[in-house]
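Asker: Handing you a structure now.
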Amino acid sequence: MTTITESFTASNIKKKNIFTQFIDFLGSDNLSLLIALILLILLITVVSGWIGLEGGSKFFTWQNLLNSLAQAVVIVGLLAMGETIVALAGVMDISIGSIASCGSVVAASTLVGTGAVGSLSIFPQNNIFWAIVAGILAGMIGGLINGLIITKLHVNATVATLGTMAAFAGTAFLLAPNGKPIGVVTQPNFTWLAQGRLWKDAAVHTLNGSKWTGVPVLTVILLVVVIVMHILMRYTSFGRAVYAIGGNATAARLAGINVTTMKIRMFMISGGIAGLAGVLLASRTTSGNPINGQGLEMQAITAVYLGGTSTSGGKGTVFGTFLAVIIVGVLNNGMNLLGFNTFVQKVALGMLLVVAVAISQYRQLQSEKSHKRMEK
Amino acid sequence: MEKAFFEKNKNEDSQENPPGTLEIRHICKAFPNVQALNDVSLDIRPGEVLAFVGENGAGKSTLLKIINGDYQPDSGTMQIDRETLSFPNPLVAHKAGIRVIYQEPEIIPGVNVAENIWVGELPKTNGFIDRQNLNRTVTESLAEYGFDSVLPTHLMGDQLSAAQRQIVEIMRALKSGVRVLALDEPTSSLSDDEVDRLFTLVRKLRDGGMAIIYVSHRIAEILQLCDRVAVLRDGELIAIRPAKELTDHEIVHLMVGRELTEIYQRNPAGTNKEVLRIEHLNSKWHKDINFHINAGEVVGFAGLVGAGRSELAKVIFGDKRIDSGKIILEGKEISTTTPSKAIAQGIGFATEDRKREGLILIRSVLENASLVIVNQLTKLGFVNRTKEKEIASSFVRKLNVRTPSLEQEIGKLSGGNQQKVVLARWLAAKPKILILDEPTRGIDVGAKAEIYKLIDQLANEGLAIMFISSELPEIIGLSDRVYVMQNGHITGEIPGSELTEESILELAMADDLQGENESPNKTKMEEFSL
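Here is the structure:
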């Protein structure tokens, strides 16, 4: 008895070295993700070297790292950020891809002034700021609808968002004039969001012969969202409530947390971020295309569970998801470099989701076992 | 000197064993950070009921799990008639005739009793289940053990009461020929009547030559049923002695290794300042409930399972709907339509089911302790984490929660320490009235004593406490006044000076017979009367 009480006080005064501080910051679960990422990169480099592909040397060039990697993971990364909140509360939002499509169409039509939304002229035309706002708002409305269906009609979240996934996918076409994509090529300010670069002139060394070309704006947007979400989940009462609901919704309710309001808010955040992802998709593809977001939820959900979020909620971190997003990106990129075709990539990604969830379930079982052990 | 006393007892036990004795020798088992069993040797003899007693964490369950093949011992042997046994999994143990019945048997909900009993070995003809044959066999065997009247074979798994589930599990064991039967806390969810039935069965099986292990926290039951008592403490076998030679006091002394004098210490210092008054409360579960609780008072709520006490707490706390009536807090009528409103008004509620309704098992001690106050510690959305840690650690210390750190996952603490964190959570919220629903359920004697002391102390500091418990000694020992509930209404109030088990039970079962037809709880009561 005394030894345990002593160790309690002892652990409080124990000094932390830099390494343990780093682990604390990262979260011990995330350390394994970081190691997995490093191993994956090494594997791709070594394998591509073995089979004599140019890809091996291509991997570590500024061009590849910035373009393919940094830029390609951004959209999935954003979607995964919203999904993380929802998943931490123990539910799933599979409508985010469709919401992104809607956001994409709404942003483009607001910008150009065509289509169902654009012709309403709620926001001024040709204004990049209001186009972004419109896209995010569209996403939040989608999230609000999800939240209301789930909390007021008591529909299981996966089923509810499966329904709205189809419905929002259709809505995206209905919002576009005649269901056709809305071109935004003539809006350089808008396309800069996805194609522009910052800090182009920074004095950075060449890497494997390729020159530094600046940080993509997209990457900066993702990093900002990641940091905001990290702060939200870790330092605010909102984040605490999300973890509590995911850990035990009944206990959370009996501790005075309004689970209904919280769920609606979470789905609105998830929807809003999906809307933003849609805006960026429109910018990248230079058109508000109703098929822009199709199927993206799959990669986002994979990243969330790969990132260590428990399938029943309550455990997981924003950083975990972020690392997993990069792993998914590296995997895709690596397979591209190694010359796998897209079908193989799809199979690999599907398997990755299953493996990620299997790992998460295994962890959960282990922790349940240890809880039971403590019972007696 | 004490050691020698125990050694002597151990030696006394090692007489010649009858054939069929399960001889356990020098079993050791360690888990990370804890030596669960250390050199445990004992004999489980046919025709005898052997009790395992000990506090939570003493090693009873680990020992059962080793016997059942769930765990492998690190060292040591098990033998029957000189034949060494090793059980890589429970199936092998079952085949060897050793069966452990756990507290919550695995029952398949959508399948009837007969099929539940024969699951995995259903009699078949031409690949189809032979239901006639099945029902006949099951009915016959139930009749043989005297359970045909209480366990209709056509009931579905999810319609069974806790006692019926136990019987199904026992029948499963019996049909496959069992030599050693272990029962793990079989009575924790049974009514007195059901306990009697179970005891009759256990005695019958014992007299038929079966070796029975009986694990329980209830010492009175052990003295009533068991032939020998094995006391475990911190993974070691402290004593194994005939039950006849032991008293409840001695068992507790052996279990905790210290004297538990005056486990209930209540010095009522109640005031006349009324905190909570309930007037004519009606709900789906309740009819015309009236009571009041003063500051500094511990008011007990006694009654049978299903009397509506937990539901009353939930109605007051805003988690269940109130149909009519007044909730008056410090003279002002309040409305508690949600738990968050109730909390804001100064009501705290530590639920009966700690794991399902109280704790977030996978989160830290800190987050669980600060769950209710986290909003008060929030400015512009941000939680003041320094303050949070300060408050949490002060309560962790005050309540003597044994945890390696505030970051420890709470599911990994023992039941008693988990319960202390639940209390810490509510105390941190500084409620005017604290509702405690079965605050000592499933925790060991030592932690219970600490919680009793805490309740006394809190009341003396001026907190009003609504104390719901099914354990009569606890209600009598701690309450300043008791309301007795039955079938959704209060059947009486007993002042502290007149509290006895008889006076409570009389009111708890008062109009059990006449009132049943119109009771709002009829179905519920039926469910419990096996």
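Chains as they are written, first to last, in the working numbering: chain A, 1 to 376; chain B, 1001 to 1530.
Built from N, CA and C at the ideal position, the CB exists for glycine as well.
Is the Cβ of R1356 of chain B closer than 8 Å to any Cβ of chain A?
Answerer: The count along the second sequence starts at 1 and reaches residue 1356 of chain B at position 356. Yes, R1356 of chain B counts as interfacial toward chain A.
Asker: Once the 5 residues before and after T206 of chain A are set aside, which same chain residues still bring their CB inside 8 Å of it?
Answerer: Against the first sequence, residue 206 of chain A aligns to sequence position 206. These residues qualify, in order along the chain: W62, W212.
Asker: Starting from G256 of chain A, find everything on chain B with Cβ-Cβ shorter than 7 Å and list it in chain order.
Answerer: Start at 1 with the first residue of the first sequence, and residue 256 of chain A comes out as number 256. Result: P1339, S1340, I1343, V1372.
Asker: List the endpoints of the continuous alpha helix (DSSP H) containing A1093 of chain B.
Answerer: Sequence index remark: in the second sequence, residue 1093 of chain B carries index 93 (1-based). 1090-1095 is the span of the alpha helix (DSSP H), which, as asked, contains A1093 of chain B.
Asker: Where DSSP assigns a beta bridge to V228 of chain A, which residues make up the other side?
Answerer: Taking the first sequence and counting its residues from 1, one reaches residue 228 of chain A at position 228. V228 of chain A is not bridged to any residue.
Asker: When the Cα atoms are used, what is the spatial distance from I1024 of chain B to S1176 of chain B?
Answerer: Taking the first residue of the second sequence as position 1, residue 1024 of chain B is located at position 24. Taking the first residue of the second sequence as position 1, residue 1176 of chain B is located at position 176. C-alpha separation (whole angstroms): 23 Å.
Asker: Flag this pair as yes or no: are the beta carbons of I99 of chain A and G271 of chain A separated by less than 8 Å?
Answerer: Along the first sequence, one-based indexing puts residue 99 of chain A at 99. Along the first sequence, one-based indexing puts residue 271 of chain A at 271. Closer than 8 Å, so yes.
Asker: Note down, in chain order, every chain A residue with its Cβ under 8 Å from the Cβ of I1360 of chain B.
Answerer: Here residue 1360 of chain B is taken as the residue at index 360 of the second sequence, counted from 1. Ordered by position in chain A, the residues that pass the 8 Å Cβ test against I1360 of chain B are Y243, A244, G247, N248, A251, A252, G314.
Asker: Quick one: what does DSSP say T1491 of chain B is sitting in, helix, strand or coil?
Answerer: Position 491 of the second sequence holds residue 1491 of chain B. Strand, per DSSP.
Asker: Could you tell me if G278 of chain A is buried or exposed, where buried requires 16 or more neighbouring beta carbons within 10 angstroms of its beta carbon?
Answerer: Along the first sequence, read from residue 1 onward, the residue named residue 278 of chain A stands at position 278. Classification of G278 of chain A: buried, given that the 10 Å Cβ count is 16 or more.
Asker: So what does R197 of chain A bridge to, in DSSP terms?
Answerer: Within the first sequence, residue 197 of chain A is the residue found at index 197, counting from 1. Its beta-bridge partners are A:P216.
Asker: With a 10 Å radius around its C-beta and 16 neighbouring C-beta atoms as the bar for buried, classify T1491 of chain B as buried or exposed.
Answerer: Taking the first residue of the second sequence as position 1, residue 1491 of chain B is located at position 491. Buried is the call here.
Asker: Which parts of the region 103-167 of chain A are runs of the alpha helix (DSSP H), unbroken and 4 residues or longer, counting only runs that do not cross its ends?
Answerer: Within the region 103-167 of chain A, the complete alpha helix (DSSP H) runs of at least 4 residues are 115-118, 128-152.
Asker: Compare the C-beta of F1128 of chain B with all C-beta atoms of chain A and state if any pair is closer than 8 Å.
Answerer: Numbered from its first residue, the second sequence carries residue 1128 of chain B at position 128. Not an interface residue.
Asker: Quick check: is the beta carbon of R1218 of chain B nearer than 8 Å to any beta carbon in chain A?
Answerer: Mapped onto the second sequence, residue 1218 of chain B falls at position 218. R1218 of chain B does not count as touching chain A.
Asker: Three Cβ pairs or more, each shorter than 8 Å: is that satisfied between the region 185-199 of chain A and the region 215-227 of chain A?
Answerer: They touch, by the three-pair rule.
Asker: Identify the contact partners of R265 of chain A in chain B, using a Cβ-Cβ distance below 8 Å as the criterion.
Answerer: For the purposes of this step, residue 265 of chain A is taken as residue 265 along the first sequence, with counting starting at 1. Near R265 of chain A there are no residues of chain B at all, since even the closest Cβ is about 12 Å away, more than 8 Å.
Asker: Hey, is T953 of chain B's beta-carbon within less than 8 Å of any beta-carbon in chain A?
Answerer: This structure leaves residue 953 of chain B out entirely; chain B is present only between 1001 and 1530.
Asker: Using 10 angstroms around the beta-carbon of V1111 of chain B, count the other beta-carbons present and answer buried if the total reaches 16, otherwise exposed.
Answerer: The sequence position of residue 1111 of chain B within the second sequence is 111, counting from 1. Flag for V1111 of chain B reads exposed.
Asker: For chain B, find out if any of its Cβ atoms is closer than 8 Å to the Cβ of Y305 of chain A; answer yes or no.
Answerer: The residue given as residue 305 of chain A occupies position 305 in the first sequence. Answer no: the Cβ-Cβ gap between Y305 of chain A and chain B never drops below 8 Å.
Asker: Under DSSP, the beta strand (DSSP E) around L1050 of chain B begins and ends at which residues?
Answerer: The count along the second sequence starts at 1 and reaches residue 1050 of chain B at position 50. Start and end: 1048-1053.
Asker: Per DSSP, what kind of secondary structure is F1291 of chain B in: helix, strand or coil?
Answerer: Looking up residue 1291 of chain B in the second sequence gives position 291. Three-state DSSP puts F1291 of chain B in a strand.
Asker: Which residues of chain B have a Cβ atom closer than 9 Å to the Cβ of F22 of chain A, listed in chain order?
Answerer: To locate residue 22 of chain A, count along the first sequence from 1; it is residue 22. Within chain B, no residue comes near F22 of chain A; the closest Cβ sits about 16 Å away, beyond 9 Å.
Asker: Does the beta carbon of D1319 of chain B come closer than 8 Å to any beta carbon on chain A?
Answerer: Locating residue 1319 of chain B in the second sequence gives position 319, counting from the first residue. Yes, because at least one Cβ of chain A sits closer than 8 Å to the Cβ of D1319 of chain B.
Asker: In the DSSP output, what is R1228 of chain B paired with across the bridge?
Answerer: Taking the first residue of the second sequence as 1, we reach residue 1228 of chain B at position 228. According to DSSP, which records beta bridges pairwise, R1228 of chain B is partnered with B:L1050, B:P1242.
Asker: Skipping 5 residues on each side, what residues in its chain have a beta carbon closer than 7 Å to that of K1273 of chain B?
Answerer: Start at 1 with the first residue of the second sequence, and residue 1273 of chain B comes out as number 273. So the list reads N1294, A1295, once near-sequence residues are dropped.
Asker: Please decide whether K1412 of chain B counts as near chain A, where near means a Cβ-Cβ distance under 8 Å.
Answerer: Locating residue 1412 of chain B in the second sequence gives position 412, counting from the first residue. Yes - at least one Cβ of chain A is within 8 Å of the one on K1412 of chain B.
Asker: Quick one: is G1303 of chain B near chain A, going by C-beta distance under 8 Å?
Answerer: Within the second sequence, numbered from 1, the residue matching residue 1303 of chain B stands at position 303. Judged by the 8 Å Cβ criterion, G1303 of chain B is not in contact with chain A.
Asker: Leaving aside the five residues before and after E1357 of chain B along the sequence, list all residues of the same chain whose C-beta is less than 6 Å from its C-beta, in chain order.
Answerer: Walking along the second sequence from the start, residue 1357 of chain B turns up at place 357. Cβ within range, chain order: T1351.
Asker: By the three-class DSSP mapping on this structure, what secondary structure does M233 of chain A have?
Answerer: Taking the first sequence and counting its residues from 1, the one referred to as residue 233 of chain A is at position 233. Note: M233 of chain A maps to helix in three-state DSSP.
Asker: For the candidate residues B:D1437, B:D1184, B:T1200, B:P1019, whose alpha-carbon lies nearest to that of K1314 of chain B?
Answerer: The residue given as residue 1314 of chain B occupies position 314 in the second sequence. Of the listed residues, the one whose Cα sits closest to K1314 of chain B is B:D1437.
Asker: Please classify F343 of chain A: does DSSP put it in a helix, a strand, or coil?
Answerer: Working through the first sequence from its first residue, we reach residue 343 of chain A at position 343. Note: F343 of chain A maps to helix in three-state DSSP.
Asker: From Q364 of chain A to K315 of chain A, what distance separates their C-alpha atoms?
Answerer: For this step, residue 364 of chain A is matched to residue 364 along the first sequence. For this step, residue 315 of chain A is matched to residue 315 along the first sequence. If I take the Cα positions, the gap works out to 10 Å.
Asker: Verify whether the separation of the beta carbon atoms of A241 of chain A and A252 of chain A is less than 8 Å.
Answerer: To locate residue 241 of chain A, count along the first sequence from 1; it is residue 241. To locate residue 252 of chain A, count along the first sequence from 1; it is residue 252. Contact flag set, yes.
Asker: Cβ of R240 of chain A less than 8 Å from any chain B Cβ?
Answerer: For the purposes of this step, residue 240 of chain A is identified with residue 240 of the first sequence, where counting begins at 1. Yes, contact with chain B.
Asker: Per DSSP, E83 of chain A is paired with what?
Answerer: For the purposes of this step, residue 83 of chain A is taken as the residue at position 83 of the first sequence. According to DSSP, E83 of chain A bridges with nothing at all.
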